[in-house]
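Chemist: Chains A and B supply the protein sequences, listed in that same order. Take the first sequence: its letters are residues 1 to 195, numbered as in the numbering used here. Take the second sequence: its letters are residues 1 to 195, numbered as in the numbering used here. From the three backbone atoms N, C-alpha and C, an ideal C-beta is built for every residue, glycine too. Shown below is the structure under consideration.
2 protein chains.
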Amino acid sequence: MTAQRLQEIALRFFADKGYDGTSLADIAGAIGIKKPSIYAHYSSKLDLFLAVADTALHDYRQSWRRALDKGEALPADRRLQSLFEEMGEHFLADRTKLAFWIRLWVFPPADCPAGVRDAFQTLTGEYLAEVAAVFRAGMEQGRLRPGPADDLAHALFSLLVGFLIRAHAYQDTDHLRLLRQTWDCFMFGIKTEDG
Amino acid sequence: MTAQRLQEIALRFFADKGYDGTSLADIAGAIGIKKPSIYAHYSSKLDLFLAVADTALHDYRQSWRRALDKGEALPADRRLQSLFEEMGEHFLADRTKLAFWIRLWVFPPADCPAGVRDAFQTLTGEYLAEVAAVFRAGMEQGRLRPGPADDLAHALFSLLVGFLIRAHAYQDTDHLRLLRQTWDCFMFGIKTEDG
DNA sequence: GTCTATAACAAGATAGAC
DNA sequence: GTCTATCTTGTTATAGAC
């Protein structure tokens, strides 16, 4: 199916050069067809982008849904760690996916319909609500410090986002080690007890 | 000076719509001149961008240089906190500056010379080295847990970046409260001592 | 479904008058 | 320094043959 190939290649270009920086000739050339042939599969450049974005949103939801389910039986603190590492490894494993995801969330194209941005925000809101629930469970179990669960969920999300963006910008270092180190800070703090 | 006005307006457009998404006609129109007049001040669109980027890089360096100096007399843990909050507040105070900074670092334009990206990386490298030194000092003073100072500096940087990008995407919530909450997690951890 | 050809337009950049 | 006019190139998109 050429439509599928088009999405794959378009994802690469949009992730790498951005929506405005990508021309349909680039995409067509990369899969060996001519530019007008794209219109047999997608009615416009934006239509192609929306198809790619839709796939990305589904993948995003699936990734945290699966990561949450995977650690369901764990105590809350271990579940959060599992979630953090699973999400980190998920995006680290595919840099193209990561770059597209960041671009879609942080700098969507100017003519991107508001519905897509809202869908992203809604998904993230659902994710944050789930994470906050795990925080509350951990506090009730006495395994996590008492605190504002919603804010803590946002803080953990910030940490994940920052880690991923740093990984996007620094392509060289040992990210898995840093992922665990970053998690340990969040878990145990950097301060000594007697400070 | 029209050249100065051009930089200010260009900064806004580049931050908001990106380099590729901004046309010289947009910029010219916003300050009330015509497109060709820009060429009396800058030899090309890229030349204008580089001028803006240069200013942004200086501002970036100055912000962490000043934040580091400001807390020089504090003990290491308080100094890190001061640094984190100063940097956070610095970028939160000017969303345009923040958006341009993120774009320049994470998704520079395709025709952006490698020198500019390298300059950014070098600046960040210097910053990370300074932060790592503060970590080491804190460990020697017994106020911070022993650990890999370089990795911890990166982790703290990730946290700041994630917080800022989250703030860029969610323009509504109370960011200063979340900034402090996020810091507390990093400082004291989320785990109870007896876990 | 893919192609050639072309329309319609926007963008960066230059020439030359004022 | 700013303008009008123009050039050139690149882009999205369509028409119509195969």
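Rounded to a whole number of angstroms, what is the C-alpha to C-alpha distance between Gly195 of chain A and Cys112 of chain B?
Modeler: Walking along the first sequence from the start, residue 195 of chain A turns up at place 195. Walking along the second sequence from the start, residue 112 of chain B turns up at place 112. At Gly195 of chain A, the pLDDT of 46 sits below 50, so the modelled position is not reliable; the number obtained from the coordinates is stated separately. If you take the alpha carbons of Gly195 of chain A and Cys112 of chain B, they lie about 47 Å apart.
Chemist: Chain B partners of Arg102 of chain A, CB-CB under 9 Å?
Modeler: By one-based count along the first sequence, residue 102 of chain A stands at place 102. According to the sequence shown, residue 102 of chain A is Ile rather than Arg. Per Cβ cutoff of 9 Å: Val106, Phe107, Ile165.
Chemist: List the residues of chain B that Pro148 of chain A touches, going by C-beta distances under 8 Å, in chain order.
Modeler: As a working note, residue 148 of chain A is residue 148 in the first sequence. Within 8 Å Cβ-Cβ: Gln181.
Chemist: For Leu68 of chain A, count neighbouring C-beta atoms within 10 Å of its own C-beta (all shown protein chains included) and say buried if the count is 16 or more, exposed if not.
Modeler: Counting from 1 along the first sequence, the entry for residue 68 of chain A is found at position 68. That one is buried.
Chemist: Which term fits Gln7 of chain A, buried or exposed, when burial requires 16 or more other beta carbons within 10 angstroms of its beta carbon?
Modeler: Within the first sequence, numbered from 1, the residue matching residue 7 of chain A stands at position 7. With 16 or more Cβ atoms within 10 Å of its Cβ, Gln7 of chain A is classed as buried.
Chemist: Would you verify that the beta carbon of Met187 of chain B is, or is not, closer than 8 Å to some beta carbon of chain A?
Modeler: Here residue 187 of chain B refers to the residue found at position 187 when the second sequence is read from its first residue. Yes, contact with chain A.
Chemist: Pull the bridge partners of Leu191 of chain A from the DSSP assignment, please.
Modeler: Residue 191 of chain A sits at position 191 when you count from the first residue of the first sequence. Residue identity check: residue 191 of chain A is Lys in the sequence provided, not Leu. B:Leu144.
Chemist: So, with DSSP's three-state summary, where would you put Gly162 of chain A?
Modeler: Residue numbering aside, residue 162 of chain A sits at position 162 when the first sequence is read from its first letter. Three-state result, Gly162 of chain A: helix.
Chemist: Which two residues bound the contiguous alpha helix (DSSP H) that contains Phe84 of chain A?
Modeler: Position 84 of the first sequence, counted from the first residue, corresponds to residue 84 of chain A. 76–92 is the span of the alpha helix (DSSP H), which, as asked, contains Phe84 of chain A.
Chemist: In the DSSP assignment, find the alpha helix (DSSP H) that holds Asp69 of chain B and state where it starts and stops.
Modeler: Numbered from 1 along the second sequence, position 69 holds the residue referred to as residue 69 of chain B. Looking at the DSSP string, the run of the alpha helix (DSSP H) that includes Asp69 of chain B is 45–70.
Chemist: Note the first and the last residue of the continuous alpha helix (DSSP H) segment covering Phe14 of chain A.
Modeler: Mapped onto the first sequence, residue 14 of chain A falls at position 14. Unbroken alpha helix (DSSP H) run through Phe14 of chain A: 2–17.
Chemist: Can you give me the Cβ contacts of Thr96 of chain A inside the same chain, cut-off strictly under 7 Å, excluding the 5 residues immediately before and after it?
Modeler: One-based indexing of the first sequence puts residue 96 of chain A at position 96. So the qualifying residues of the chain are Leu11, Arg12, Ala15.
Chemist: Shorter than 8 Å from the beta carbon of Ala169 of chain A to some beta carbon of chain B?
Modeler: On the first sequence, position 169 is the one that residue 169 of chain A refers to. True, the Cβ-Cβ gap to chain B drops below 8 Å.
Chemist: For His207 of chain B, count the other beta carbons within 10 Å of its own beta carbon; 16 or more makes it buried, fewer makes it exposed. Which is it?
Modeler: Coverage of chain B is limited to positions 1 through 195, which leaves residue 207 of chain B absent and any answer about it impossible.
Chemist: Among A:His41, A:Ala25, A:Tyr42, which residue has its Cα nearest to the Cα of Lys34 of chain A?
Modeler: Walking along the first sequence from the start, residue 34 of chain A turns up at place 34. When only C-alpha atoms are compared, the closest one is A:Ala25.
Chemist: Please list, in chain order, all residues of the same chain as Leu104 of chain B whose beta carbon is under 7 Å from its beta carbon, the five residues on each side excluded.
Modeler: What you label residue 104 of chain B is simply residue 104 of the second sequence in a count that begins at 1. So the qualifying residues of the chain are Ala53, Ala56, Phe120.
Chemist: Out of A:Arg66, A:Phe135, A:Leu159, A:Phe157, which has the shortest C-alpha to C-alpha gap to Pro148 of chain A?
Modeler: As a working note, residue 148 of chain A is residue 148 in the first sequence. Checked all of A:Arg66, A:Phe135, A:Leu159, A:Phe157; the closest Cα to Pro148 of chain A is A:Phe135.
Chemist: So, at 7 Å on beta carbons, what are the nonlocal neighbours of Thr2 of chain B in its own chain, with the 5 sequence-adjacent residues on each side left out?
Modeler: By 1-based counting over the second sequence, the position of residue 2 of chain B is 2. Cβ neighbours of Thr2 of chain B beyond the five flanking positions: His41.
Chemist: What does His175 of chain A reach in chain B if we use C-beta pairs closer than 7 Å?
Modeler: Counting from 1 along the first sequence, the entry for residue 175 of chain A is found at position 175. None at all; the shortest Cβ gap to chain B is about 10 Å.
Chemist: In whole angstroms, what is the alpha-carbon distance linking Asp151 of chain B and Glu130 of chain A?
Modeler: As a working mapping, residue 151 of chain B is identified with position 151 in the second sequence. As a working mapping, residue 130 of chain A is identified with position 130 in the first sequence. Taking the straight line joining both Cα atoms gives about 29 Å.
Chemist: Which chain A residues sit within Cβ distance under 9 Å of Phe84 of chain B?
Modeler: Position 84 of the second sequence, counting from 1, holds the residue named residue 84 of chain B. Going along chain A, no residue has its Cβ under 9 Å from Phe84 of chain B, so there is no contact; the nearest lies around 11 Å.
Chemist: In whole angstroms, what is the alpha-carbon distance linking Phe210 of chain B and Ala132 of chain B?
Modeler: Residue 210 of chain B cannot be examined here, being either before or after the span of chain B that is shown, 1 to 195.
Chemist: List the whole-angstrom C-beta distance separating Phe186 of chain A from Leu156 of chain A, where the pair is believed to meet the contact cut-off of C-beta under 8 Å.
Modeler: The residue you call residue 186 of chain A lines up with position 186 of the first sequence. The residue you call residue 156 of chain A lines up with position 156 of the first sequence. Going by Cβ atoms, the distance from Phe186 of chain A to Leu156 of chain A rounds to 7 Å, so yes, they are a contact pair.
Chemist: Cβ closer than 7 Å: which chain B residues qualify as neighbours of Val161 of chain A?
Modeler: As a first step, residue 161 of chain A is located in the first sequence; it is residue number 161 there, counting from the start. Within chain B, the residues near Val161 of chain A are Gly162, Ile165, Arg166.
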